[in-house]
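Visitor: The sequence shown begins at 9 in the numbering used here and counts up one residue at a time.
A virtual CB, placed ideally from N, CA and C, is assigned to each residue, including glycine.
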Amino acid sequence: MKIDELGETFDAVSFMDAACYLPDKLLAVKKIKKILNPGARFLLIDWCKRGGLTRHQEELVLEPFMRYWNLPSLETQARYERCFRQNGFEILDMRDFNDRTRPNWEFGYTAAIKAVSELTFKDVPKLLWTGIKLGPDAIRLIKEEFPAALYIKAGFDSGFLRYSYFVVRRP
9 MKIDELGETF DAVSFMDAAC YLPDKLLAVK KIKKILNPGA RFLLIDWCKR GGLTRHQEEL
69 VLEPFMRYWN LPSLETQARY ERCFRQNGFE ILDMRDFNDR TRPNWEFGYT AAIKAVSELT
129 FKDVPKLLWT GIKLGPDAIR LIKEEFPAAL YIKAGFDSGF LRYSYFVVRR P
C-alpha cells in the first residue's frame, strides 16, 4: 500500500496471489497506475469471490477461509474489471482460472484428508519434533491449515471462490 514511496516507474507489475492480502485492493490498483509507464502492463492473478453471494453464503464458506489465511476481504471479478476501467486501464485479457487450479486444490484436499485419517499416536512425537524445528507456532499453523483446506474445497465446489486472471495495460 506504500507504492507511492517507491519513487520510480515501471514497464510491468505482477501481482500473483498477493492482492487478496491488501486491505484496500481498489486503492492499490489506483496507486499502481501512477507508477506504470505509458503502455506498461499489469498482471493480477488472485482469489476473488463470486458475485451475488448472500451474506449467509459468505459467512459459512468464505469468511472462515479468509480468517484462516488472514485475508481482509475478497473482491469480485466484476468489481476488479470496473476498477480497471474506471482507472483508465485497457483490459487485454481476463479469465477465470478455476478449472485450471482445481486439480491443485483437489490434490491438497485429498492429501489433508489422508494425512488426518492415517495419523496415529505414534506420529505425535515426529509431528512435535517437526513443530519444534519450525518454531513454536508450527503446530498451531498445521491445525489452521487443515480447516482452510476444507473451506477452499467447499469454496471451489460451490463456485463461491474464483481464481481470476487479468492482464491490463496503461494507455
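1) Return the chain-ordered list of same chain residues with a C-beta closer than 7 Å to the C-beta of R103, the five sequence neighbours on each side being excluded.
2) Would K41 pass as a contact of G116 if the rule is Cβ separation under 8 Å?
3) So, at 8 Å on beta carbons, what are the nonlocal neighbours of Y171 in its own chain, with the 5 sequence-adjacent residues on each side left out?
4) Consult DSSP for G15 and reduce its assignment to one of helix, strand or coil.
5) Which whole-angstrom value is the C-beta distance of R178 and A27, which I expect to be below 8 Å?
6) Is A26 helix, strand or coil by DSSP?
7) What is the C-beta distance between V37 and F73, in whole angstroms, given that I count them as a contact (C-beta under 8 Å)?
8) Near K161, what residues of its chain come up, given a Cβ to Cβ distance below 7 Å and the 5 sequence neighbours on each side ignored?
9) Whose C-beta lies closer than 6 Å to the C-beta of M9 among residues of the same chain, with five residues either side of it excluded?
Guide: Straight from the coordinates:
1) The residues are Y173.
2) No, the Cβ-Cβ distance between K41 and G116 is not below 8 Å.
3) Closer than 8 Å at the Cβ level, and outside the excluded window around Y171, lie I53, D54, W55, C56, D104, F105, N106, R108 and T109.
4) Looking at G15 - three-state DSSP - the assignment turns out to be coil, as it is neither helix nor strand.
5) Contact between R178 and A27 does not hold, since their C-beta atoms are separated by about 17 Å, which reaches or exceeds 8 Å.
6) DSSP places A26 in coil when its eight states are reduced to three.
7) At roughly 23 Å, the Cβ-Cβ gap does not stay under 8 Å, so V37 and F73 are not in contact.
8) Cβ within range, chain order: W113 and Y117.
9) Contacts found: none.
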